[in-house]
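Working notes, structure below.
Protein chains: 2
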Amino acid sequence: METVFSYDRLFNFSYNIFRAMGCSDEHASLASKVLISADARGIDSHGVARLSGYVRLWEVQRINANPQIKIVYETPSTAVVDGDAGLGLVVAPYAMQVAIDKAMQCGTGWVSVKNSNHFGIAGYHAMMALQHDMIGMAMTNASALVAPTFSIERMLGTNPIAVVIPANEQPPFVADFATTTAANGKLEILQRKNADTPLGWVQDVDGNESTDANILKKAGALLPLGSDREHGSHKGYALGSIVDIFSAVLSGASYGPWAPPFPAYVPMPQNMPGDGLGHFFGAMRVDAFRPADEFKQHMDNWISRFRKAKPAPGHEKVLIPGDPEREMQELRIREGIPVVEAVLDDLQKLSQKFNIPL
Amino acid sequence: METVFSYDRLFNFSYNIFRAMGCSDEHASLASKVLISADARGIDSHGVARLSGYVRLWEVQRINANPQIKIVYETPSTAVVDGDAGLGLVVAPYAMQVAIDKAMQCGTGWVSVKNSNHFGIAGYHAMMALQHDMIGMAMTNASALVAPTFSIERMLGTNPIAVVIPANEQPPFVADFATTTAANGKLEILQRKNADTPLGWVQDVDGNESTDANILKKAGALLPLGSDREHGSHKGYALGSIVDIFSAVLSGASYGPWAPPFPAYVPMPQNMPGDGLGHFFGAMRVDAFRPADEFKQHMDNWISRFRKAKPAPGHEKVLIPGDPEREMQELRIREGIPVVEAVLDDLQKLSQKFNIPL
Chain A
7 METVFSYDRL FNFSYNIFRA MGCSDEHASL ASKVLISADA RGIDSHGVAR LSGYVRLWEV
67 QRINANPQIK IVYETPSTAV VDGDAGLGLV VAPYAMQVAI DKAMQCGTGW VSVKNSNHFG
127 IAGYHAMMAL QHDMIGMAMT NASALVAPTF SIERMLGTNP IAVVIPANEQ PPFVADFATT
187 TAANGKLEIL QRKNADTPLG WVQDVDGNES TDANILKKAG ALLPLGSDRE HGSHKGYALG
247 SIVDIFSAVL SGASYGPWAP PFPAYVPMPQ NMPGDGLGHF FGAMRVDAFR PADEFKQHMD
307 NWISRFRKAK PAPGHEKVLI PGDPEREMQE LRIREGIPVV EAVLDDLQKL SQKFNIPL
Chain B
7 METVFSYDRL FNFSYNIFRA MGCSDEHASL ASKVLISADA RGIDSHGVAR LSGYVRLWEV
67 QRINANPQIK IVYETPSTAV VDGDAGLGLV VAPYAMQVAI DKAMQCGTGW VSVKNSNHFG
127 IAGYHAMMAL QHDMIGMAMT NASALVAPTF SIERMLGTNP IAVVIPANEQ PPFVADFATT
187 TAANGKLEIL QRKNADTPLG WVQDVDGNES TDANILKKAG ALLPLGSDRE HGSHKGYALG
247 SIVDIFSAVL SGASYGPWAP PFPAYVPMPQ NMPGDGLGHF FGAMRVDAFR PADEFKQHMD
307 NWISRFRKAK PAPGHEKVLI PGDPEREMQE LRIREGIPVV EAVLDDLQKL SQKFNIPL
């Protein structure tokens, strides 16, 4: 059972909820734009499905609806931003803009953020660089759900990385992926279908292979990209660690198993070594390396050559990172965004609580 | 059958061969230091085993023993370096030093390199940052051996990424890995043992699963990290692509399936879109984000917490990226470097050709 909503209806509902939390017009609008971009692009786990989660974090005073976001440390090409416990959905675009401004001045800009919260999809923030002919990067640490190679303890989040690269006539290259074999959102989809995961996505509390999509509720763990040592899980573990360190150790946020959990009912870790969640953003002007037109023409050549790579039997064509999400966005802006029943229930409860029509 | 050599003997032999090729004293020394660091760290595929390959590239005039390496484009935080077809073993340290110098000035430095050749192990170059309390990064594109997800065409190299992060009392975090499930060197080890690969490392010419360690000689391909779509190979494909674009499209080197092949007998691709192989280096001063002592103390805390993560049954402890290579280096500096028979034959032929005692 799904109900289809227009982009505008979901945007407006989200905007009104953020306003009811006390966000400014500007913040409510920006947060909604970031949030609903996830639904539009088909990353349903990171869109309106998270709205009630943000509200609960605000209710327990872990989200500040009126943050004073500011730069607390900087050099010509770097900055640390303190998010003042604001919505990551507004802290992240602020910090990415700082990275872009730095890149305007000295070629590249790199910003590490502390004292923030869940920032939606990494790709949204990284894509802010495109209109300036810059390469954009975004990453974040997150609640610990992932066991390092050879471990049964949850030490890292799904810690996504987005890297976005402009082209000329071709659409941009947009990579945006969790550093685990499968993102948590993939498990949620299987849970709703009562289906099993493939082997290699999760392990149980004792480190055994598992196909239980509910295993995280039983103290199991997600596996780093690569799944097991023989298939390179130490590389996924290293990638997730790099995201954690760039986002949280560089900035002074809380890291590793001490990252603040997203569910408001989960108690905060003891002895947190830093403030809130951390993010990391980068912007590189392509003309800090070669003339922008020349770079973008070569990106067109790169992309069209990879599109024409010989497909494997049973596959129509080779995809470029970002192709599926862009096609989904075109479809959903035109035909609407389907919302599954569990999420609809959630939105209706929010509607009643705040007396805001859905 | 293995013969054990001291570090110094391998270094001196390599130095004399590079001198015989016409390299300056400084270049021969640096190239040997980079090359033999791979043997010392246990990355046997990238050490002295490659020496005859470099010689063959020099013989067909694809390596220039006396390159005029120079910066051809720059901003305060970026540069493009032209390697003048030199040994990557000397071009890469030059470019990494430029990144470090830029970081001294404005917090971070980012250098893309064109017109280079195979640069040894990425980790060596990234680790140059450590003595300056900087985070170091190094990556390179390489001969196309990897099929993108859904493809049977070899479009990317094993395109490694190294990220190196300083700590205080703990040894540094040193991640250095190919963006494939298994590096080519792992296949070479299995070939020598006449053993099969695990499923998920390679595919045959038609895209079928394979366990043939010789499959690359039969037009098969290495698989991106993740192995198949269900286990996230699109993420490994994206990572390898990012390395290719940062190393070669940003700099003006040759990219994707046009990357120059390492074996000198393989003809150069037609219509190459750039010059030689490309690399990308980064350096970030940690005190461009927070005081260096504070950062390094938190890295100590991060590392010791991850070391203490609860191990899975059958495993003694959780490793930190760089642990195995550091332990290997301590052992091999002390007890010598074993050289397998095939590599020894190769070195003896070089010894005869140049009349240089091994």
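Chains A and B are the protein sequences, given in the same order. Quick note: the first sequence uses this note's numbering, first residue 7, plus one each step. Quick note: the second sequence uses this note's numbering, first residue 7, plus one each step. Note that the Cβ used here is the ideal one computed from N, Cα and C, for glycine as well. From a predicted model like this one, the values you see are computed outputs, not experimental measurements.
One or two residues paired with residue i in a DSSP bridge
{"i": "G129(A)", "result": "For G129(A), which the question treats as bridged, DSSP gives no partner whatsoever."}
{"i": "W116(A)", "result": "T84(A) and G288(A)"}
{"i": "Q209(A)", "result": "E215(A) and A227(A)"}
{"i": "T186(A)", "result": "P230(A)"}
{"i": "T9(A)", "result": "V345(A)"}
{"i": "Y271(B)", "result": "Paired residues: none, contrary to the question."}
{"i": "I77(B)", "result": "V87(B)"}
{"i": "V152(B)", "result": "L162(B) and L228(B)"}
Proximal residues to residue i (C-beta, below 8 Å), its chain only, five neighbours per side dropped
{"i": "I251(A)", "result": "Y261"}
{"i": "P317(A)", "result": "K323 and V324"}
Spatial neighbours of residue i in its chain, beta-carbon cut-off 6 Å, leaving aside the 5 residues before and after
{"i": "V169(B)", "result": "M143 and A181"}
{"i": "H240(A)", "result": "T155"}
{"i": "V78(A)", "result": "V86 and D88"}
{"i": "P263(A)", "result": "A150 and M161"}
Minimum C-alpha distance to residue i - residue among the options
{"i": "A201(A)", "options": "V208(A), W207(A) and L193(A)", "result": "L193(A)"}
{"i": "S310(A)", "options": "K224(A), E175(A) and L228(A)", "result": "E175(A)"}
{"i": "P327(A)", "options": "P204(A), A26(A) and P177(A)", "result": "P177(A)"}
{"i": "G258(B)", "options": "Q137(A), W207(A), A298(A) and G126(A)", "result": "A298(A)"}
{"i": "R62(B)", "options": "P363(B), K359(B) and L364(B)", "result": "K359(B)"}
{"i": "V104(B)", "options": "V119(B), D90(B) and A91(B)", "result": "V119(B)"}
{"i": "I75(A)", "options": "S357(A), H33(A), G59(A) and A109(A)", "result": "H33(A)"}
{"i": "E159(A)", "options": "E236(A), G213(A), A184(A) and T203(A)", "result": "G213(A)"}
{"i": "D306(B)", "options": "M140(B), I171(B), F24(B) and Y13(B)", "result": "I171(B)"}
{"i": "N361(A)", "options": "A244(A), V10(A), Y13(A) and F24(A)", "result": "F24(A)"}
{"i": "R296(B)", "options": "S35(B), D139(B), T81(B) and L57(B)", "result": "D139(B)"}
{"i": "A44(A)", "options": "F183(A), A225(A) and T81(A)", "result": "F183(A)"}
{"i": "A265(A)", "options": "G284(A), L222(A), I248(A) and T186(A)", "result": "G284(A)"}
{"i": "M110(B)", "options": "Y130(B), G342(B), H131(B) and I141(B)", "result": "I141(B)"}
{"i": "A270(A)", "options": "L16(A), F11(A), I49(A) and V66(A)", "result": "V66(A)"}
{"i": "V188(B)", "options": "D31(B), V211(B) and T217(B)", "result": "Per the sequence shown, the amino acid found at residue 188(B) is Ala instead of Val. For A188(B), the nearest C-alpha among the options comes from T217(B)."}
{"i": "D352(A)", "options": "A173(A), G342(A) and L364(A)", "result": "L364(A)"}
Range covered by the alpha helix (DSSP H) that runs through residue i
{"i": "V345(A)", "result": "Note, V345(A): premise wrong, no alpha helix (DSSP H); beta strand (DSSP E) at I343 to V346."}
{"i": "A26(B)", "result": "Y13 to A26"}
{"i": "V180(B)", "result": "Per DSSP, V180(B) belongs to no alpha helix (DSSP H); it is in the beta strand (DSSP E), F179 to F183."}
{"i": "E65(B)", "result": "L57 to E65"}
{"i": "L36(A)", "result": "D31 to R47"}
{"i": "F72(A)", "result": "The question names Phe, but residue 72(A) is Asn in the sequence shown. Where N72(A) is concerned, there is no enclosing alpha helix (DSSP H), given that its DSSP letter is neither H nor E."}
{"i": "A298(B)", "result": "A298 to R313"}
{"i": "A137(B)", "result": "For clarity, residue 137(B) is Gln in the given sequence; the question names Ala instead. No alpha helix (DSSP H) holds Q137(B); DSSP gives it neither H nor E."}
{"i": "D250(B)", "result": "S239 to D250"}
Other residues of its chain near residue i: CB distance less than 7 Å, five sequence neighbours each side excluded
{"i": "E8(B)", "result": "P344, V345 and V346"}
{"i": "Q197(A)", "result": "A219 and N220"}
{"i": "Q4(A)", "result": "Within the shown structure, residues of chain A are numbered from 7 to 364, placing residue 4(A) beyond reach of any answer."}
{"i": "A280(A)", "result": "It should be pointed out that residue 280(A) corresponds to Gly in this sequence rather than to Ala. The answer, listed in chain order, is K120, A254, G258, A259, S260 and Y261."}
{"i": "G238(B)", "result": "G232"}
{"i": "G163(B)", "result": "N147, A148, S149, A150, L151, V152 and A265"}
{"i": "M27(B)", "result": "V61, W64 and A71"}
{"i": "F312(A)", "result": "V324 and I326"}
Segment limits, beta strand (DSSP E) that includes residue i
{"i": "V169(A)", "result": "I167 to I171"}
{"i": "I141(B)", "result": "M140 to T146"}
Cβ-heavy atom distance, residue i to the ligand ZN, below 7 Å
{"i": "L196(A)", "result": "This structure simply doesn't include the ligand ZN, nor any ligand for that matter."}
Handout entry: the stretch 36-51 of chain A / the stretch 96-107 of chain A touching (three or more Cβ pairs under 8 Å)
Key = yes
Practice task
Indicate whether the contact test is met: 3 or more Cβ pairs, each with one atom in the stretch 8-24 of chain B and one in the stretch 42-61 of chain B, closer than 8 Å.
Solution key: yes
Handout entry: Any 3 or more C-beta pairs closer than 8 Å across the stretch 114-128 of chain A and the stretch 288-299 of chain A
Key = yes
Exercise for the section: Report yes or no: do three or more beta-carbon pairs, one from the stretch 78-96 of chain A and one from the stretch 122-129 of chain A, lie closer than 8 Å? Expected result: yes
Handout entry: Touch test, the stretch 149-164 of chain A against the stretch 224-244 of chain A, Cβ-Cβ under 8 Å, three pairs minimum
Key = As far as the Cβ criterion goes, the stretch 149-164 of chain A touches the stretch 224-244 of chain A, which means the pair count is three or higher.
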